[in-house]
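From first to last, the protein sequence lines are chains Z and Y.
Per my numbering, the first sequence starts with residue 24, numbered consecutively.
Per my numbering, the second sequence starts with residue 24, numbered consecutively.
Number of protein chains: 2
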Amino acid sequence: MTSQTQNAFRALADPTRRDIVHILARQDMTIAQLTDQFDMTRAAVKKHLTVLSDGGLITVETRGRERINRLEPMGMAPVLDWFSYFDQFWDDRLANLKEAIERKAK
Amino acid sequence: MTSQTQNAFRALADPTRRDIVHILARQDMTIAQLTDQFDMTRAAVKKHLTVLSDGGLITVETRGRERINRLEPMGMAPVLDWFSYFDQFWDDRLANLKEAIERKAK
DNA sequence: TTAATACGATACCAAATGGTATCACAATGG
DNA sequence: CCATTGTGATACCATTTGGTATCGTATTAA
């Protein structure tokens, strides 16, 4: 019953998780590496990663005893889709974002 | 301490609040009118409106004994700004997101 | 084989969240 | 004036959330 849109919005509602997303945008990381970036235990980071995974925002690849956490940009699509409902209202911020995306896609 | 970005993300994390935002996008409404749209008490709707107001997503105009709740589209700017952070990182993953966004456009 | 490493899972806790019920109060209309 | 309407505020409740501590397990290294 919890939609992908809801899971994605929920995942992004926490500042730590948004930080994790930004960090993973630069570089894939194991849980231990991510934990080094925050002032909390590995268990807490793991919980955040689970929520991010439920939201479709990251994927995990098992490599030996390590788990490589990787950003899944497509997970943000439901959120951006939700915002597109407002095309009639705003000042073309989304249009700018779209343009930037298309520009870099070339 | 709680940033505007955090307040906005938090406000949008709840499905009822996202529904309220969509409803207010089409028409300004009083609390009573909004309550008619949901299966919950006026007090619950009022709480959601407070969170939305904290997030800068709506404004309230007092008119007589009524309070007109109005969408504040600019309140979404911090959220979109957060997403724009990825402009500098997205490379080949970008094509996929671009596709997703354009699929929604049709 | 044995020890260290990287992680999962669970129990537990305080605080936040989403809801109700209820009372108070200002504005409106007869 | 007085009843009604529209709302705010608060106390209260169950559940979720974000965190720790702890133990178990699989993989790697010595």
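We put the CB at the ideal spot given by N, CA and C, even for glycine.
- Query: Under the three-state reduction of DSSP, which class applies to residue 98(Z): helix, strand or coil?
  - Reply: Numbered from 1 along the first sequence, position 75 holds the residue referred to as residue 98(Z). Helix.
- Top-ranked residue by Cα proximity to residue 37(Z), from 106(Z), 71(Z), 60(Z) and 86(Z): Within the first sequence, residue 37(Z) is the residue found at index 14, counting from 1. Measuring from the Cα of residue 37(Z), the nearest candidate turns out to be 71(Z).
- Message: Using a Cβ-Cβ distance cut-off of 8 Å, determine whether residue 61(Z) contacts chain Y.
- Response: Locating residue 61(Z) in the first sequence gives position 38, where the first residue counts as 1. Cβ-Cβ to chain Y under 8 Å: no for residue 61(Z).
- Item | Assigned secondary structure, residue 82(Z) (DSSP; H/G/I helix, E/B strand, else coil) | Mapped onto the first sequence, residue 82(Z) falls at position 59. Reduced to three states, the DSSP call for residue 82(Z) is strand.
- In this structure, what does DSSP give as the bridge partners for residue 91(Z)? One-based indexing of the first sequence puts residue 91(Z) at position 68. Residue 91(Z) is bridged to 84(Z).
- In chain order, what residues of the segment 75-109 of chain Y put their CB closer than 9 Å to some CB of chain Z? 94, 96, 97, 99, 100, 102, 103, 104, 105, 106, 107, 108 and 109
- Report the rounded CA-to-CA distance for residue 41(Z) versus residue 59(Y), giving the unit in angstroms. Counted from its first residue, the first sequence places residue 41(Z) at position 18. Counted from its first residue, the second sequence places residue 59(Y) at position 36. The straight-line gap from Cα to Cα measures roughly 35 Å.
- Rounded to whole angstroms, what's the CA-CA distance from residue 64(Y) to residue 96(Y)? Just pull it up for me. For the purposes of this step, residue 64(Y) is identified with residue 41 of the second sequence, where counting begins at 1. For the purposes of this step, residue 96(Y) is identified with residue 73 of the second sequence, where counting begins at 1. Distance between the alpha carbons of residue 64(Y) and residue 96(Y): 26 Å.
- Query: Can you tell me the Cα-Cα spacing of residue 75(Z) and residue 44(Z), whole angstroms?
  - Reply: Residue mapping note: residue 75(Z) aligns to position 52 of the first sequence, counting from 1. Residue mapping note: residue 44(Z) aligns to position 21 of the first sequence, counting from 1. If you take the alpha carbons of residue 75(Z) and residue 44(Z), they lie about 8 Å apart.
- If we cut at 8 Å on Cβ distances, does residue 41(Z) have a partner in chain Y? On the first sequence, position 18 is the one that residue 41(Z) refers to. Cβ-Cβ to chain Y under 8 Å: yes for residue 41(Z).
- Query: Which stretch, first to last residue, makes up the alpha helix (DSSP H) that contains residue 28(Y)?
  - Reply: Here residue 28(Y) is taken as the residue at index 5 of the second sequence, counted from 1. For residue 28(Y), the uninterrupted alpha helix (DSSP H) segment begins and ends at 27-35.
- Within 8 Å, strictly: CB atoms of residue 27(Y) and residue 79(Y): Against the second sequence, residue 27(Y) aligns to sequence position 4. Against the second sequence, residue 79(Y) aligns to sequence position 56. Contact flag set, yes.
- Item | Per DSSP, cross-strand counterpart(s) of residue 52(Y) | Position 29 of the second sequence, counted from the first residue, corresponds to residue 52(Y). When beta bridges are read from the DSSP output, residue 52(Y) appears opposite 92(Y).
- Query: By Cβ distance below 6 Å, which residues in the same chain neighbour residue 84(Y) in space, the five residues on each side in sequence not counted?
  - Reply: Here residue 84(Y) is taken as the residue at index 61 of the second sequence, counted from 1. So the list reads 91, once near-sequence residues are dropped.
- So is residue 36(Z) in contact with chain Y if we call contact Cβ pairs under 8 Å? Walking along the first sequence from the start, residue 36(Z) turns up at place 13. Output row for residue 36(Z): interface = yes.
- Query: Does the Cβ-Cβ distance between residue 106(Z) and residue 99(Y) come in under 8 Å?
  - Reply: On the first sequence, position 83 is the one that residue 106(Z) refers to. On the second sequence, position 76 is the one that residue 99(Y) refers to. Going by C-beta atoms, residue 106(Z) is nearer than 8 Å to residue 99(Y).
- Does any CB atom of chain Y fall closer than 8 Å to the CB of residue 56(Z)? Here residue 56(Z) refers to the residue found at position 33 of the first sequence. Cβ-Cβ to chain Y under 8 Å: no for residue 56(Z).
- Between residue 33(Z) and chain Y, is there a C-beta pair that is closer than 8 Å? Locating residue 33(Z) in the first sequence gives position 10, counting from the first residue. For residue 33(Z), the answer is yes, since a Cβ of chain Y falls inside 8 Å of its Cβ.
- What is the DSSP secondary structure of residue 58(Y), reduced to helix, strand or coil? Counting from one through the second sequence, the residue named residue 58(Y) turns up at place 35. Looking at residue 58(Y) - three-state DSSP - the assignment turns out to be helix.
- Item | Burial state of residue 34(Y), where buried means 16 or more other Cβ atoms lie within 10 Å | By one-based count along the second sequence, residue 34(Y) stands at place 11. Residue 34(Y) should be labelled buried.
- Message: Going by beta-carbon coordinates alone, are residue 81(Z) and residue 57(Z) separated by less than 8 Å?
- Response: As a position in the first sequence, residue 81(Z) is number 58, starting the count at 1. As a position in the first sequence, residue 57(Z) is number 34, starting the count at 1. Result no, Cβ atoms of residue 81(Z) and residue 57(Z) do not sit closer than 8 Å.
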